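Note that the sequence shown covers residues 0 to 312 in numbering that gives the first Met the number 0. The block underneath contains the structure these notes are about, expressed in structure tokens.
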Amino acid sequence: MKKHKLNLILLLSFLAICLLISFLYEPVLSNWMTVRVPSLKSQDGISFPPYSPNTVKPFGTDLVGFTLLSKLIQGFKYTFIIVFFLSLAQLTISFIISSFTFKYQKKRWVGYVLTYLDKLLTLFPKPFLLLLLIIPIYFTTIFNTEPNPSSNQVLLIKQLIVLLLISLPNLIQLFHNELIYLFQTDYAKASLVLGSTPRRMMLVALRPQLTILSFALFFKTVTQNLALFVYLAYFNYFLGGTLLIELDLGTQYYLPLSNEWSGIIGQNIQYLAVTPWTLLIPMAAYCLFIFIVSQINQNLKSILIGVEANEII
0 MKKHKLNLIL
10 LLSFLAICLL
20 ISFLYEPVLS
30 NWMTVRVPSL
40 KSQDGISFPP
50 YSPNTVKPFG
60 TDLVGFTLLS
70 KLIQGFKYTF
80 IIVFFLSLAQ
90 LTISFIISSF
100 TFKYQKKRWV
110 GYVLTYLDKL
120 LTLFPKPFLL
130 LLLIIPIYFT
140 TIFNTEPNPS
150 SNQVLLIKQL
160 IVLLLISLPN
170 LIQLFHNELI
180 YLFQTDYAKA
190 SLVLGSTPRR
200 MMLVALRPQL
210 TILSFALFFK
220 TVTQNLALFV
230 YLAYFNYFLG
240 GTLLIELDLG
250 TQYYLPLSNE
260 WSGIIGQNIQ
270 YLAVTPWTLL
280 IPMAAYCLFI
290 FIVSQINQNL
300 KSILIGVEAN
310 EII
């Protein structure tokens, strides 16, 4: 138990430090960090980006000269905030809805709705459904409004609503099935006979089990959302909007306006063979973030299971 608590504290502290550094980027760090290297002079003449990590320490630059270190620092807070609050909203809404579906589970329409949603996700995989819904929204917003902070915020909100909705059916189904299972246990049946209400049982008696389930689903949802972000970025649908610039005649380069990490990955996928560091370094940071999230989940689960066991004893 102590080992898991120590690991959890270290992991959360690391994330907190990274968040603090990211929030300090605009007001402090950007003033003394090298944000962009438009050109370099040497004995061989003037060279232009991209620059490898050997030329511009520590991670090199992208195709237009922005240093990857500054982009990763700036974009981490957007990556974290978006995926955290999106996953939290998905979990909260799905639990509330599943509470109602459990309450009215004997109603015939509840079974029909849950069955329909289950078949819908079986026929249409989540990534395909995401593209199907988000592409019209993306192009409608881009072509009908001029690029500005207000229109970018509207686009981001629409994107997050779509991401929220496509994950709800699966989470509702999981919560609904878990509630049915928990209320069929002998302990739950005895509590109901003695006068307890389903609402009180969910808030008190079944809280340890539901807490463990909620945290497990939360971190699972975080990981799935991070994967969906990269899937969108692969098709150049960046969260918060896209800036399209022309490098050379016929060469276009997509820039994510928020520098959210999946956008940094998506904008450089097609340049893997030419400038591998522009993809591999952000991908390594993204994988490290996912690994830390999974480790937090495992350590927290071990702590909660230990607490639940002690309460039962």
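The C-beta atom is built at its ideal place from N, Cα and C for all residues, glycine as well. All figures in this text were calculated on a predicted structure; none of them were measured in a lab.
For residue i, name the three-state secondary structure that DSSP assigns.
i	result
Tyr285	helix
Phe79	helix
Phe65	strand
Gln104	coil
Tyr252	strand
Thr196	coil
Thr210	helix
Thr33	coil
Thr139	helix
Thr114	helix
What does DSSP give as the partner residues of residue i in its beta bridges?
i	result
Leu246	Leu246 pairs with nothing; no bridge assigned.
Ser41	Gly44
Thr60	Thr66
Straight-line CA distance for residue i to residue j?
i	j	result
Phe214	Leu163	17 Å
Ile179	Phe101	7 Å
Met32	Ser69	7 Å
Leu167	Ala232	22 Å
Gln89	Leu170	8 Å
Gln286	Ile264	A quick correction: the sequence has Cys, not Gln, at residue 286. Computed Cα separation, rounded: 11 Å.
Ser51	Val63	12 Å
Val109	Pro126	26 Å
Ile24	Phe84	Note that residue 24 is Tyr in the sequence shown, not Ile. Taking the straight line from one Cα to the other gives about 21 Å.
Judging by CA-CA distance, which residue of the options is the nearest neighbour of residue i?
i	options	result
Leu209	Phe182, Leu191, Gln223	Phe182
Gln269	Lys300, Tyr253, Ser38	Tyr253
Pro124	Leu159, Leu227, Pro52	Leu227
Ser41	Trp31, Thr54, Ser29, Val34	Thr54
Asn258	Ala272, Val229, Val273, Gln251	Val229
Trp260	Ile8, Leu67, Asn298, Glu245	Leu67
Leu246	Pro49, Lys105, Phe288	Pro49
Gln223	Lys1, Leu87, Gln73	Leu87
Cβ of residue i within 6 Å of any heavy atom in the ligand PLP?
i	result
Ile165	By its list of ligands, the structure shown contains no ligand whatsoever, and the ligand PLP lies outside what it can speak to.
Would you call the stretch 173-188 and the stretch 198-214 touching, i.e. three or more CB-CB distances under 8 Å? Yes: the two stretches touch, three or more of their Cβ pairs being nearer than 8 Å.
Under 8 Å: do the stretch 212-228 and the stretch 169-181 share three or more Cβ pairs, one atom per stretch? Taking 8 Å as the limit for Cβ pairs, the verdict is that the stretch 169-181 does touch the stretch 212-228.
Specify whether the stretch 293-300 and the stretch 2-18 touch according to this definition: at least 3 beta carbon pairs, one from each stretch, less than 8 Å apart. Contact holds between the stretch 293-300 and the stretch 2-18, because three or more Cβ pairs, one in each stretch, are under 8 Å apart.
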